[in-house]
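Colleague:
2 protein chains.
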Amino acid sequence: MATTTAAQQRAQTKADYDAFLAVCPSHKLLERISGKWVALILTALGSGPDCGGDPRPMRYSELSRLLAGVSQKMLTQTLRALERDGLISRTVTPTVPVTVSYELTDLGLSMYGLVRGLKLWAQDHMDDVLAHRASYDETTA
Amino acid sequence: MATTTAAQQRAQTKADYDAFLAVCPSHKLLERISGKWVALILTALGSGPDCGGDPRPMRYSELSRLLAGVSQKMLTQTLRALERDGLISRTVTPTVPVTVSYELTDLGLSMYGLVRGLKLWAQDHMDDVLAHRASYDETTA
DNA sequence: GGAAGTACGCACCTCAAGGTGCGTAACACA
DNA sequence: TGTGTTACGCACCTTGAGGTGCGTACTTCC
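So this is what it looks like as structure tokens:
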């Protein structure tokens, strides 16, 4: 058959789209930023422990205490991933027990700006969203 | 024992933090926006099929063809969730085969602005990130 | 008469993100 | 002697987001 069926056509289109998604920069950004602890870490490093100050380097144990819910494994894993992407820098000081501190790079600071934008939008509009959600559930139930 | 041990103290702090995360608006926003197809749908409805135009209502089948990778189940599920949150509106026209069209609400349009911000950042900085990632992998391997 | 479109619902399955728990080497403090 | 801290590595396990496939009720086109 020289003619392609509609099904074949759809499969091809879908494959093309998947390939597009695999290289799409926006998609990769969402993958990074949507990690469960990424935004929390960026915010901590970008605005200090009180979430209202200036960017400041922090130690591993300090982050661990601040983000009390994070497991050590996930904290390490997330920090490594952010360092890999050039968003934070890792500094080891060989004191008696080793001291490791993490700091936002310029690129990381720029991404923190994005996260802060998300936070501001959430503060402004998220209660609207939750109100809609509640009323939807009410009328549907 | 009247004194709390260090372990008990940590457990309490972690419980408090988990409770905080459960109601944190920013966290809820991230949960919504990081769905695999959410940003794609918002972008489609917010800037037309060519990703460069104006907001425009679209039919279910039109979205399905545009986002060629999405399964019918996920498309329906995501649209429902967005409708539940008051971000899009669903309109049913009882033609011969039913016609359903989806459109951004004002709230959804506002969230689309956020997504567009993410897209612009990605276009500007994501190759930096990927470059860092590649060089990190190179020196580590 | 078989294929295709319209907008889904439902049941089942996979896979990876994230969590849990244990071990470390060297030291301080009680 | 035992508990705590520092910054992890490693092995195992759970959970849920997302995917796959099938069915529908009606119609139109080739």
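Protein sequence lines, in the order shown, are assigned to chains A and B. Going by the numbering used here, the first residue of the first sequence is number 42, and it counts up by one from there. Going by the numbering used here, the first residue of the second sequence is number 42, and it counts up by one from there. Glycine residues also receive a C-beta, built at the ideal position from the N, C-alpha and C atoms. This structure is a prediction, so every number in the text was calculated from the model and none was measured.
1) Name, please, each residue of chain A whose Cβ falls closer than 7 Å to the Cβ of Arg100/B.
2) Compare the beta carbon distance of Leu107/A and Pro90/A with 7 Å and say whether it is the shorter of the two.
3) Under 7 Å, Cβ to Cβ, is there at least one residue of chain A near Pro88/B?
4) Assign Val139/B to one of three DSSP states: helix, strand, or coil.
5) By the criterion of Cβ-Cβ separation under 7 Å, what are the contact partners of Met167/A in chain B?
6) For Ala80/B, go through chain A and note every residue whose CB falls closer than 9 Å to its CB, in chain order.
7) Which of the three DSSP states is assigned to Thr146/B in this structure?
8) If distances are taken between C-alpha atoms only, which option among Glu179/B, Ser176/B and Leu161/B comes closest to Cys65/A?
9) I'd like to know if the segment 80-89 of chain A and the segment 136-156 of chain A are in contact, where contact means that at least 3 CB-CB pairs between them fall below 8 Å.
10) Along the chain, where does the beta strand (DSSP E) that runs through Arg131/A open and close?
11) Taking the alpha helix (DSSP H) that Val79/B falls in, what are its first and last residues?
12) Determine the extent of the alpha helix (DSSP H) in which Asp95/B is found, giving its start and end residues.
13) How about Leu116/B and Ser130/B: are their beta carbons less than 7 Å apart?
14) Can you pull the chain B residues whose beta carbon is under 9 Å from the beta carbon of Gln164/A, in chain order?
15) May I have the straight-line CA-CA distance separating Arg190/A from Ala63/B, to the nearest angstrom?
16) Quick check: is the beta carbon of Met42/B nearer than 7 Å to any beta carbon in chain A?
17) Which residue comes first and which comes last in the alpha helix (DSSP H) that contains Leu108/A?
Modeller: Here's the rundown:
1) What Arg100/B touches in chain A: nothing, since even the nearest Cβ is about 17 Å away.
2) yes
3) For the record, residue 88/B in the displayed sequence is Ser; it is not Pro. Chain A contact via Cβ: absent.
4) coil
5) Pro66, Lys69 and Leu70
6) Ser67, His68 and Leu71
7) coil
8) It is Leu161/B whose Cα lies nearest to the Cα of Cys65/A.
9) yes
10) Ile129 to Thr134
11) Val79 to Ser88
12) Careful: Asp95/B lies outside any alpha helix (DSSP H) and carries neither H nor E.
13) no
14) Pro66 and Ser67
15) Because chain A in this structure spans residues 42 to 182, residue 190/A falls outside the shown range and cannot be described.
16) Note on Met42/B: pLDDT 41, under 50, position unreliable in the model; no value is reported.
17) Where Leu108/A is concerned, there is no enclosing alpha helix (DSSP H), given that its DSSP letter is neither H nor E.
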